[in-house]
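Residue numbers (my numbering): 17 to 302.
Note that CB positions come from ideal geometry on N, CA and C, so glycine has one too.
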Amino acid sequence: MSRIVYVNGEYLPEEEARVSVFDRGFLMADAVYEVTSVVDGKLLDFAGHAARLERSLNELDMAAPLSADALLEIHRELVRRNGLDEGMIYLQITRGAPPDRDFVFPDPEVTPPTVVLFTQAKALVDSPAAETGIKVISIDDMRWGRRDIKTVQLLYPSMGKMMAKAAGADDAWMVEDGLVTEGTSNNAYIIKDGKIITRHLGNEILHGITRAAALRFARESQFEVEERPFTLEEAKEADEAFVTSASTFVTSVVSIDGVSLGDGAPGPVATRLREIYIEEIRKASI
Ligand code: PDD
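And the structure:
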């Protein structure tokens with residue numbers, strides 16, 4: 017059975033969905049996106065994703081084509097139409113398809129944005145990666161300077177994943193000026209003497225929606241949290257490490273550049289935080 021996807025106001029079988037070759041998302045990566053997870057057919061932290069989407073659009077001077085309520089309705093309709101029980105909803109908004117390729121932004125009065133959403137089924141709660149933990153390698157962070165905006169410029173992170181695969185690992189942590197920024201598609205954390213350490217918010221990293229919730233739950237559960245940059249060397253000497261994202265929740269990192277952390281299995285703090293995160297975020301799902 018083919019998926020039903022959403023394109024510019026229409027729900028269509030995926031084979032019939034079309035976007036123009038002049039679309040600026042396609043030609044210039046002039047687009048922002050969100051990934052919202054679904055568990056038991058319900059959306060996790062939709063409000064957080066809607067708020068970050070609005071911020072991304074504002075930062076790029078793109079008008080919001082739909083209200084948060086309208087977007088919520090589309091997300092729910094896609095869950096319904098595709099019978100999605102567990103997985104993600106991907107949303108992308110581009111600056112639209114002007115008549116010609118041009119570096120100048122098109123007039124938004126003439127060129128409406130392109131809005132695309134689709135579902136992707138995936139086991140998130142009982143994920144194999146969470147059982148074993150993941151291995152990461154370190155790579156230079158060669159992305160642009162506004163990583164706080166969730167744009168679709170994902171070529172370098174995608175190359176990072178391939179470098180990790182080639183090295184027999186699962187993912188890459190990016191390093192700038194000796195300090196870890198984040199994973200290719202997740203935020204990065206280490207744990208030392210029970211304290212959870214993760215880079216502070218700024219333009220250098222994406223302001224993860226899972227990060228915000230996980231840190232809130234960690235503090236509420238009396239874990240000590242420190243938001244500051246950490247070096248790769250510090251990470252390799254940590255007791256535990258983990259990543260967060262909408263598609264991985266909280267997932268342990270068990271080795272960095274071949275150096276095993278702890279006993280090489282998911283550690284107690286990250287494991288507990290994953291349980292707390294899943295329990296709490298599901299309570300607030302809509
Ligand atoms: N990625 N950092 C980067 C670079 C990311 O791409 C992501 C999310 C995160 C975590 O953000 P959040 O907790 O809001 O998912 C951090 C998504 C899942 C993706 O590209 O598929």
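For a cut-off of 8 Å, the C-beta gap from GLY278 to ASP255 is around 6 Å, short enough to register as a contact. Annotation for VAL275: LYS252 place their beta carbon closer than 6 Å to its own, counting only its chain and skipping 5 residues before and after. Between the alpha carbons of GLN238 and THR52 lies a gap of roughly 27 Å. Boundaries of the alpha helix (DSSP H) harbouring ILE292: 284-299, taken from the DSSP string. Contact annotation: ALA230 and THR260 have beta-carbon atoms nearer than 7 Å. Residues of the same chain with a CB within less than 7 Å of the CB of ALA33, apart from the 5 flanking positions on each side, are VAL21 and VAL23 in chain order. Of the other Cβ atoms in all chains shown, fewer than 16 fall within 10 Å of the Cβ of PRO115; this residue is therefore exposed. Between THR110 and ALA47, the CB-CB gap stays under 7 Å.
Runs of the beta strand (DSSP E) lying entirely within the segment 178-218 and spanning at least 3 residues, in chain order: 187-192, 195-199, 203-208 and 211-214. Looking at the DSSP output, ALA257 sits in a beta bridge with ILE206 and VAL269. At least one heavy atom of the ligand PDD falls within 6 Å of the beta-carbon of THR226. Sequence-distant partners of HIS216 (beyond 5 residues in either direction) whose C-beta falls short of 8 Å from its own C-beta, in its chain, are GLU243, ARG244 and PRO245. Note on geometry: alpha-carbon atoms of LYS177 and LYS151 lie some 11 Å from one another. In this structure, the CA atom of GLU236 is about 20 Å from the CA atom of ALA262. CA-to-CA, the gap between VAL270 and GLY149 works out to about 6 Å.
In the structure shown, GLY103 falls within a strand segment according to DSSP collapsed to helix, strand and coil.
Residue burial annotation: LEU87 is buried, with at least 16 other C-beta atoms found within 10 angstroms of its C-beta. Comparing alpha carbon positions, the residue from PHE265, ALA183 and THR127 closest to TYR205 is PHE265. In chain order, TYR172 place their CB closer than 7 Å to the CB of MET158, counting only its own chain and leaving out the 5 sequence neighbours on each side.
Here VAL131 is buried: its Cβ has 16 or more other Cβ atoms, across all protein chains shown, within 10 Å. Ranked by how close their Cα comes to the Cα of ASP142, the residues SER301, THR287 and TYR27 have THR287 in first place.
Counting along the chain, no beta strand (DSSP E) covers VAL120, and no H or E run does either. Counted as a single uninterrupted DSSP element, the alpha helix (DSSP H) harbouring ASP85 occupies residues 84-98. Taking all protein chains shown into account, VAL285 has 16 or more neighbouring C-beta atoms within 10 Å of its C-beta and is therefore buried. In the same chain as ASP209, and ignoring 5 residues on each side of it, the C-beta atoms closer than 8 Å to its own belong to ASP255, in chain order. Residue burial is scored here from C-beta neighbours: TRP160 has fewer than 16 other C-beta atoms within 10 angstroms and is therefore classed as exposed. Listed in chain order, the non-local C-beta contacts of TYR106 below 6 Å within the same chain comprise VAL51 and PHE134, local neighbours out to five positions each way being set aside. CA-to-CA, the gap between HIS223 and LYS166 works out to about 9 Å. Short of 6 Å from the beta carbon of ALA145, and not among the five residues preceding or following it, lie these beta carbons of its own chain, in chain order: THR267. In this structure, the straight-line span from the alpha carbon of VAL55 to that of ARG97 is close to 16 Å.
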